[in-house]
Amino acid sequence: MAFVFLFSLVFILTGPSLSNGGYGPPSPGFYPSSKFRSITFNQAFRTLWGPSHQTVDNNALAIWLDRSGFKSVRPFRSGYFGASIKLQPGYTAGVITAFYLSNNEAHPGFHDEVDIEFLGTTFGKPYTLQTNVYIRGSGDGTIIGREMKFHLWFDPTQNFHHYAILWSPRDIIFFVDDVPIRRYPRKSATTFPLRPMWLYGSIWDASSWATEDGKYKADYRYQPFVGRFTNFRAGGCSAYSSPRCRPVTASPGRSGGLSKRQYMVMKWVQSNYMVYNYCMDNKRDHSLTPECWK
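Under the working numbering, residues 4 to 297 are what the sequence shown spells out, in order.
Here it is as structure tokens:
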């Protein structure tokens, strides 16, 4: 037993070495993206904002500021939603590139959202990957954010990497290159999004808060600011599917959730790369986020 524990500990602490001199997480042992075929942009999405700031070439989509975005052609009530994304290098403070689920247009001022957001940065500092979940909120100051932020174990400006959200009736799981980095469990109907949502991608100027709480603003001398998307993968139950549609899973087992190995890797990532957890922020009013203590 002692030998097995020591071997496991060494494996967790080392992991596969990356070219940037850092260490990536151990293998999760299961790769959810492999369960879903790649789909083209025109099959699944339509342009929502800024058509003059978008190009599609061989299923690789580029969007750029001042604002541009796209939306899925149908809403979903559960599913796996992934895309390979490459970010702009250099000075990108104030700029957010996002891939997310939302029903804002169906429920303005009272909507649900599940976010993967890349917060732009200044020279020499890493991007921050922000994950967020909120329920029946709005952007008018009443929003109750559930942010967890990470620095990545690679440079997201050098190559495409796959980012995904798996949303099921029991939990929401965020992935980076099939590595689970966060699980948000359903603990009550009041703290979990249950209404159908659409899938979106966008790039926009969030200078008021995106980089070090708004200390650094978008500087258009460094434009263009471009987000690149490709290898879209999605599947699940649309809002129009039969009630018998079975939610997709993120693990080898049919029961859903994560395997023990996936949990181990997720905890490794959170121990080594998580830089903010709303549940650990003493300045927050946690009576508004009961999932932190239940």
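Just so it is clear, CB atoms sit at the ideal spot from N, CA and C, and this is done for glycine as well.
The beta carbons of Asn234 and Ser37 sit no closer together than 7 Å. Beta-bridge partners assigned by DSSP to Ala65: Thr58, Arg231. Here DSSP, grouped into helix, strand and coil, assigns Phe44 to helix. Arg264: member of the alpha helix (DSSP H) spanning 263-276, first to last residue.
In the assembly as shown, Phe73 is a buried residue. Its beta-carbon has 16 or more other beta-carbons within 10 Å. DSSP places Ser36 in the helix class (H, G or I) of the three-state scheme. Arg224 has its alpha-carbon roughly 15 Å from the corresponding atom of Ser210.
Using a Cβ distance threshold of 7 Å, Ile176 and Thr100 do not count as a contacting pair. In the structure shown, Ser241 adopts extended strand secondary structure according to DSSP, grouped into three states.
Approximately 6 Å separates the beta-carbon atoms of Pro31 and Arg264; this is inside 8 Å, confirming the contact. Distance from the CA of Pro54 to the CA of Leu90, rounded to the nearest whole angstrom, comes to 19 Å. Exclusion of the five residues before and after Pro227 leaves Trp67 as the residues of its chain whose Cβ lies within less than 6 Å of its Cβ. The closest CA to that of Met151, considering only Gly140, Met200, Val136, Phe157, is found on Val136.
Tyr279 and Gln273 have their alpha carbons spaced roughly 10 Å apart. The C-alpha of Pro293 lies about 30 Å from the C-alpha of Pro28.
Proximity to Leu132 across Pro188, Val179, His114 peaks at Val179, based on C-alpha coordinates.
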